[in-house]
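Asker: Taken in sequence, the protein lines are chains W and C. Per the working numbering, residue 4 is the first one in the first sequence, and the count goes up by one each step. Per the working numbering, residue 5 is the first one in the second sequence, and the count goes up by one each step. Note that the Cβ used here is the ideal one computed from N, Cα and C, for glycine as well. The model shown is predicted, which means the values in this text are computed figures rather than measured ones. This is the structure I want to talk about, given as structure tokens.
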Amino acid sequence: MHDRNVRRRRAVLLSLVAGSLILLTAYFGESAGGPLRSIQRGFLEVLAPLQEGASRALKPFADLAGWVDDTVGAKGERDKLVKERDQLRADATRADQLTRENAELRKEVALDQESGLKSSRPVSARVIARSPTIWYATITVDKGSSAGVEADQPVVGPGGLVGKVSDVSGGAAKISLITDSTSGVSVKVALTGVGGVLKTAVGKPDDLVMDFVSSTEKVKRGERVVTAGSRSSRLESLFPPGIPVGIVSKVDLGELDVDQRVHVRPFADVRKLDFVQILTRPQTAPELTAQVP
Amino acid sequence: MGVPVAIRLWVLGVIAVILQLTAVSQVTLLGVTADLTPLIIMAVGLLAGSVAGACMGFGMGLFLDMALLQTLGVESLIGVAVGYGAGRLRELRDPAHTLIPVAAGAAATAVWTVGFSVMQFLLGVDAPVSFLLARDILATIVVNAVIALPVYALVRRAVEPYLPDDPRRRRRRAYTTGGLSPISR
């Protein structure tokens, strides 16, 4: 009897481990349209309404817990924000002047004035689930291909860029956030145009890093970072140009002192997203944009 | 283990994963979110044994991988390890101390988070890893250890009445209530 129990226990353990390894190998080896991924999308399709209902029902409790957490952290942030506000007031005054100049110059070169996110046909979506691990910074939203959402479309939230659509089913979509370890966004410093690719280090969602910025380029703390968009039709960026991403929090030298690492604090608080907007018709940068001063 | 227990465990797993994804993941404590999954798997292993624990770990891990569109098999493999380990602890040591769920919860979370990180390295995630990853893992273990006791109590309440009576536990109960104590005989 004892031997039979031991044999049974070992058999169950072996079959479960083997099952996991087979799934892992098969999933890793198949393409994006493979059967396992199709099953996953179908599963998400079934689960999404359930998640949406639970998300709505449990929101007051999550908000209450979040409120307690926020209140504790709010005092410490107040002084920092007062300084930032003063800096932003000065920036805003300068930006008003630049906007006026820009509008006049655009008129002169007869560029289309339709800009901003409205022209990108944004689709508002509610966040219904989020990944609990610090490795995969992903969320699931309640809009899918039936609402015009497709893979690789950019996603914005309160404050700025949030991420991109990485997988879609009929009624739901998975968003990989800019803080995901697999993410990489082409960005530039708004004022100086210094460009680079923004990546995240695992475990540091509040500190994105712009790598490979030449040490001869001047980047200052407090400067705003926006998406660079694409200037070439051959290597088109997924993200339209000019979406706010974050603010430079620190600049330090790279390993060989020939480049610098620009640390960026994202504007969007990706841990507290309730709604996001998916840009279903992202605008690529017109070739002329680069020529307009 | 009978069909009613299996159904209860299945329902428990589904509810726990949905709760985790929709509510618990939105609440941060010490800069991290609590993770119910290893705690539930650990509790089932401690209450129902290694086979039930391993099956629960596999099922919940697979459910999470499916719901989050992640690489299938990663979390189910770690879940099997957590559930089987907790079950073997019960079968070999049969710990009876009230605070065992706290220690077991911390150990289960450590295996879960460190195991997941190791799997990500093995699968070749192309991202720099910050020292803060270790701090986050530690904070998650602390937060999970704090909530391990109530989670264990809830799982026990939901599952224990339907589990077959364990002779060792029956004997221990009898000792504590005076029924079968050798002194009283």
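Residues of chain W with CB closer than 7 Å to the CB of C/Asp39, please, in chain order.
Answerer: Here residue 39 of chain C corresponds to residue number 35 of the second sequence, with the count starting at 1. Pro135, listed in chain order.
Asker: Measuring CB to CB, does W/Leu50 end up less than 8 Å from C/Ala20?
Answerer: Your numbering for residue 50 of chain W matches position 47 in the first sequence. Your numbering for residue 20 of chain C matches position 16 in the second sequence. The beta carbons of W/Leu50 and C/Ala20 sit no closer together than 8 Å.
Asker: Pull up the DSSP beta-bridge partners for W/Arg297, would you.
Answerer: The shown model of chain W, from 4 to 296, leaves out residue 297 of chain W, and the question about it has no answer.
Asker: Comparing C-alpha positions only, which one of W/Val158, W/Gly198 and W/Gly199 sits nearest to W/Ile181?
Answerer: Counting from one through the first sequence, the residue named residue 181 of chain W turns up at place 178. If we check each option's Cα against that of W/Ile181, W/Val158 comes out closest.
Asker: Go ahead and label W/Glu117 buried or exposed: buried means 16 or more other beta carbons lie within 10 angstroms of its beta carbon, across all protein chains shown.
Answerer: Working through the first sequence from its first residue, we reach residue 117 of chain W at position 114. Note that W/Glu117 has pLDDT 45, beneath the 50 cutoff, so the model's placement of it is unreliable and the number below is only indicative. Looking at its Cβ environment, which holds fewer than 16 other Cβ atoms inside 10 Å, W/Glu117 is exposed.
Asker: I believe W/Ser172 touches W/Gly147 by the beta-carbon criterion, under 8 Å. Please report the beta-carbon distance rounded to the nearest angstrom.
Answerer: By one-based count along the first sequence, residue 172 of chain W stands at place 169. By one-based count along the first sequence, residue 147 of chain W stands at place 144. About 5 Å separates the two Cβ atoms, so the contact holds.
Asker: Would you give the residue range spanned by the beta strand (DSSP E) that C/Gly83 belongs to?
Answerer: Counting from 1 along the second sequence, the entry for residue 83 of chain C is found at position 79. Not the beta strand (DSSP E): C/Gly83 falls in the alpha helix (DSSP H), residues Val78 to Arg97.
Asker: With DSSP collapsed to three states, give me the class of W/Val229.
Answerer: Walking along the first sequence from the start, residue 229 of chain W turns up at place 226. Strand, per DSSP.
Asker: Output the distance between the C-alpha atoms of W/Lys1 and C/Asp140, rounded to the nearest integer angstrom.
Answerer: Because chain W is modelled from 4 through 296, residue 1 of chain W falls outside the range shown and cannot be assessed.
Asker: Determine the DSSP secondary structure at W/Pro157, reduced to helix, strand or coil.
Answerer: Position 154 of the first sequence, counted from the start, is the residue given in the question as residue 157 of chain W. Strand.
Asker: Taking the alpha-carbon positions, what's the C/Ala111 to C/Tyr88 distance?
Answerer: Indexing the second sequence from 1 puts residue 111 of chain C at position 107. Indexing the second sequence from 1 puts residue 88 of chain C at position 84. Computed Cα separation, rounded: 13 Å.
Asker: Buried or exposed for W/Gln54, going by 16 or more other Cβ atoms inside 10 Å?
Answerer: Against the first sequence, residue 54 of chain W aligns to sequence position 51. Flag for W/Gln54 reads buried.
Asker: Chain W partners of C/Ile22, CB-CB under 7 Å?
Answerer: On the second sequence, position 18 is the one that residue 22 of chain C refers to. Going along chain W in sequence order, the residues near C/Ile22 (Cβ under 7 Å) are Leu53, Gln54 and Ala57.
Asker: Give me the DSSP bridge partner(s) of W/Leu201.
Answerer: Numbered from 1 along the first sequence, position 198 holds the residue referred to as residue 201 of chain W. W/Val188 and W/Met213, per the DSSP bridge assignment.
Asker: Do W/Thr230 and W/Val190 come within 8 Å of each other at the CB atom, strictly closer than that value?
Answerer: Indexing the first sequence from 1 puts residue 190 of chain W at position 187. Indexing the first sequence from 1 puts residue 230 of chain W at position 227. Yes, the pair counts as a contact, with Cβ atoms nearer than the cut-off.
Asker: Checking 8 Å against the spacing of the C-beta atoms, do C/Ala149 and C/Val36 come in under that value?
Answerer: Within the second sequence, residue 149 of chain C is the residue found at index 145, counting from 1. Within the second sequence, residue 36 of chain C is the residue found at index 32, counting from 1. In this structure, C/Ala149 lies away from C/Val36, with their beta-carbon atoms at least 8 Å apart.
Asker: Against chain W, which members of the stretch 28 to 54 of chain C pass a CB distance test of less than 9 Å?
Answerer: Val28, Ser29, Gln30, Val31, Thr32, Leu33, Val36, Thr37, Ala38, Asp39, Leu40, Thr41, Gly53 and Ser54
Asker: Assuming contact is defined by CB atoms lying nearer than 8 Å, are W/Leu47 and C/Gly77 in contact in what I supplied?
Answerer: Counting from one through the first sequence, the residue named residue 47 of chain W turns up at place 44. Counting from one through the second sequence, the residue named residue 77 of chain C turns up at place 73. Contact: no.
Asker: Would the beta-carbon of C/Cys59 be found less than 7 Å away from any heavy atom of the ligand ZN?
Answerer: Because no ligand of any kind appears in the structure shown, any question about the ligand ZN cannot be addressed here.
Asker: Taking W/Thr143 as part of the beta strand (DSSP E), name the residues at either end of that continuous run.
Answerer: The residue you call residue 143 of chain W lines up with position 140 of the first sequence. Per DSSP, W/Thr143 belongs to the beta strand (DSSP E) from Thr141 to Val144.
Asker: Please confirm if C/Thr102 has its CB atom under 8 Å from at least one CB of chain D.
Answerer: Going by chain labels, chain D is absent from the structure shown, which instead holds the protein chains W and C.
Asker: For C/Ala71, return the contacting residues in chain W, with the cut-off set at a CB-CB distance below 8 Å.
Answerer: Indexing the second sequence from 1 puts residue 71 of chain C at position 67. Residues of chain W passing the Cβ test: Phe46, Leu47, Leu50, Gln54, Ala132 and Thr143.
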